[in-house]
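Number of protein chains: 2
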Amino acid sequence: MEFSSNLTLEIFNQPFILEKRIELLKAIEKEGSINKAAKSVPMSYKAAWEAVDMMNNLSPRPIVIKATGGKNGGGTELTDYGRDLINSYTLLKREQEKFLNSMSRLVDGGEFNINAIRRLSMQISARNQISGVVEHIDHGKVNAQLYIKLKSGYTIISVVTDNAVESMAIKVGDEVVAIFKSSSVILSTDNAVGVSSRNKIKGIISNISTGEINTEVTVDIGGDRITSIITKNAAEELGLKTGDEVTALIKSSDVMVGK
Amino acid sequence: MEFSSNLTLEIFNQPFILEKRIELLKAIEKEGSINKAAKSVPMSYKAAWEAVDMMNNLSPRPIVIKATGGKNGGGTELTDYGRDLINSYTLLKREQEKFLNSMSRLVDGGEFNINAIRRLSMQISARNQISGVVEHIDHGKVNAQLYIKLKSGYTIISVVTDNAVESMAIKVGDEVVAIFKSSSVILSTDNAVGVSSRNKIKGIISNISTGEINTEVTVDIGGDRITSIITKNAAEELGLKTGDEVTALIKSSDVMVGK
DNA sequence: TAGCATTATATAGCTAAGTATATAAAGGAG
DNA sequence: CTCCTTTATATACTTAGCTATATAATGCTA
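Sequence lines, in order, name chains A and B. Quick note: to get the numbering used here, add 44 to the position in the first sequence (first position is 1). Quick note: to get the numbering used here, add 44 to the position in the second sequence (first position is 1).
In structure tokens, the structure reads:
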């Protein structure tokens, strides 16, 4: 069984953006006129014009600028906002397709139960959720070590059961999310060479928020941010302040993987 | 902005189940005939008959049984499979709506970025994902303690940052998922009264899978199951075997929350 | 000014999908 | 066997949304 769905974006309960209209907008960007765009999609000029007009009216900001008359008789161009809209829609559409695929898989696999489905759209309390690409998998007897390359260049190692790797079908090259609680992150002001934790990530403190007991430290590691919660005392002993270079230490077994 | 979507289930690339048809099936169950059902939806008999016929043809198993002639002229009834289908669809539809709502929220909140959206549909490697209801929240200075009542009767305590509680809008009565890694679960054969961990859950060992280094122990706690990974040595020392009563110990700070 | 390719607008016609309606076939109940 | 209410099937009509097409209006260019 396959699920499908036609993701439409509504404004004032009016269909605003849908698959076909995105195609039209793309064609307009390419062709420079509603006329040619309509032919290339293909659809009638009337339908195309009405679609464009409606979108422009519903949208808080214009999506296209239309010129009637003039050089080459005028033409129609996308605004920056319009281009943003296309990109956003494409992104959301892809994400929704992933969601529907997961649903199909659950139903087909006979694993159908409300709990399995609930997990499909879930927010997680863990503060640190950094996406990266699996660059290597070390299969052990029971556990597997995933090497996740972040866009900041660092590699985070996650230890999960072989079982999990299999059931989530994680392969090298997959984009995954490294998940760990902020309380699992220990900070060090030296290079922490003598510490056993596998993940040692250097960064600059971008924010310190001191509470009565605990202190929340945000470390910028170049593109991504890691949040650590340590006791107020520890923060004071280390003399942490914004701009300092610190090393974030995370036990690889504290890192979970999301896909 | 609002996203909407018309979730259709397809078989052989043919629309199979959609909103309207579910309404029809429900009406058939209630009325006992296509005729009356069509009137109550409302739609024409022809449309109703064709819809039912198509569904029955596409489905791997019949959805309704139709009798022509006989007592009261015959009638149409749902099969158990048909009823399952309605329930499943309703469930999936609700889940999809939740997903779309999350998308709307992300776009409206201006938090729009691919990472935020990726997280919407994510599987997590953590083995233990048990759903329950929040029965109490203890707000501390930095951390909050969530008391999650499982359907097995046990209450799991999770410590997360106040921040997370707020950003996920977790309230008493919400259905949430307690998430923890199997390696965070320690097992004890006595009642572990002298142990500091907040979560002590008694259960019966339903499965033991021994590897070369680690042993995976599944504990049935009455309705839910907890998976623990401990070293092979530890398992042998405790003399664990299927059917034994054990206590699963989980540090409350190792428990994350999903919603 | 005449030419142009476009936007803007109107109108006629087509098509798919539905409604409304009529009619045959079915088969148990009385 | 006749009655009853349904399924099963066919036909004419309606409607929404589209296409196809024609025509004005526009404003730069040569």
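Yeah, the Cβ is synthetic: ideal placement off N, Cα and C, and Gly gets one too. Remember, predicted model here, so these are calculated numbers, not experimental data.
{"query": "Test: VAL301/B CB closer than 8 Å to a CB of chain A", "result": "yes"}
{"query": "Buried or exposed (CB count within 10 angstroms, at least 16 for buried), PHE56/A", "result": "exposed"}
{"query": "Assigned secondary structure, GLN189/B (DSSP; H/G/I helix, E/B strand, else coil)", "result": "strand"}
{"query": "Within chain B, partners of LYS225/A - CB distance below 7 Å", "result": "MET300"}
{"query": "Length of the line joining the Cα atoms of GLU94/A and THR123/A", "result": "18 Å"}
{"query": "Where VAL221/A falls: helix, strand or coil (DSSP)", "result": "strand"}
{"query": "Sequence-distant residues of the same chain with beta carbon closer than 7 Å to VAL108/A, five excluded per side", "result": "ILE72, VAL96, ASN100, THR120, GLU121, LEU122, THR123 and GLY126"}
{"query": "Contact belief for PHE143/B with LEU53/A at Cβ below 8 Å, rounded distance in angstroms", "result": "So it is not a contact: roughly 14 Å between Cβ atoms."}
{"query": "Pair within 8 Å by beta-carbon distance, SER226/B and THR271/B", "result": "yes"}
{"query": "Where THR254/B sits in the DSSP three-state scheme", "result": "strand"}
{"query": "Close beta carbons around LYS70/A, own chain, < 7 Å, minus the five adjacent residues each side", "result": "ILE130"}
{"query": "Nearest to ILE200/A (by Cα), restricted to the options GLN140/A, GLU141/A and ARG242/A", "result": "ARG242/A"}
{"query": "contact_flag[the region 163-183 of chain B, the region 218-233 of chain B] where n(CB pairs < 8 Å) is 3 or more", "result": "yes"}
{"query": "Neighbouring residues, chain B, relative to VAL204/A (Cβ below 7 Å)", "result": "SER169"}
{"query": "Stretch pair the region 261-268 of chain B + the region 201-215 of chain B: three plus CB contacts closer than 8 Å", "result": "no"}
{"query": "Cutoff 6 Å; reference LYS110/A; Cβ partners in own chain excluding five residues on either side", "result": "THR120"}
{"query": "Chain A contact residues for ASN235/B, given Cβ-Cβ distances below 7 Å", "result": "Those within 7 Å of ASN235/B in chain A number zero; the least Cβ separation is about 27 Å."}
{"query": "Listed by chain order, chain A residues near SER272/B by CB distance under 8 Å", "result": "Near SER272/B there are no residues of chain A at all, since even the closest Cβ is about 11 Å away, more than 8 Å."}
{"query": "Residue-level contact to chain A via CB, ILE107/B, 8 Å cutoff", "result": "no"}
{"query": "At least 3 beta-carbon pairs within less than 8 Å: the region 279-291 of chain B vs the region 234-253 of chain B", "result": "yes"}
{"query": "From GLY114/B, ILE161/B, VAL261/B and LEU68/B, residue whose alpha carbon lies closest to that of THR134/A", "result": "ILE161/B"}
{"query": "THR134/A (DSSP reduced to helix, strand or coil)", "result": "helix"}
{"query": "Between the CA atoms of LEU102/A and LYS74/A - distance to the nearest angstrom", "result": "23 Å"}
{"query": "Residue(s) in a DSSP beta bridge with GLU67/B", "result": "Answer is none; GLU67/B lacks a bridge partner."}
{"query": "Cut-off 6 Å between Cβ atoms - residues of its own chain near GLY302/B, not counting five sequence neighbours on either side", "result": "VAL221 and ILE223"}
{"query": "Residues in the region 108-128 of chain B having any Cβ partner in chain A nearer than 8 Å", "result": "none"}
{"query": "Run of the alpha helix (DSSP H) containing MET98/B, from where it starts to where it stops", "result": "89-102"}
{"query": "Where the alpha helix (DSSP H) through VAL209/B begins and ends", "result": "206-211"}
{"query": "DSSP state of ARG127/A mapped onto helix, strand, coil", "result": "helix"}
{"query": "Residue closest to VAL177/B, alpha-carbon to alpha-carbon, out of ILE274/B, ALA82/B, LEU190/B and GLU210/B", "result": "LEU190/B"}
{"query": "Neighbouring residues, chain A, relative to GLY255/B (Cβ below 7 Å)", "result": "LYS185 and VAL186"}
{"query": "Neighbouring residues, chain A, relative to ASN258/B (Cβ below 8 Å)", "result": "LYS185, VAL186 and ASN187"}
{"query": "Among ALA81/B, ALA92/B, ILE61/B and SER253/B, nearest to LEU284/B - alpha-carbon criterion", "result": "SER253/B"}
{"query": "Best match in ALA92/A, VAL239/A, GLY76/A and SER148/A for proximity to ASN116/A [C-alpha to C-alpha]", "result": "GLY76/A"}
{"query": "Of the listed residues ASN187/A, ILE181/A, VAL204/A and LYS185/A, nearest to LYS193/A (C-alpha basis)", "result": "ILE181/A"}
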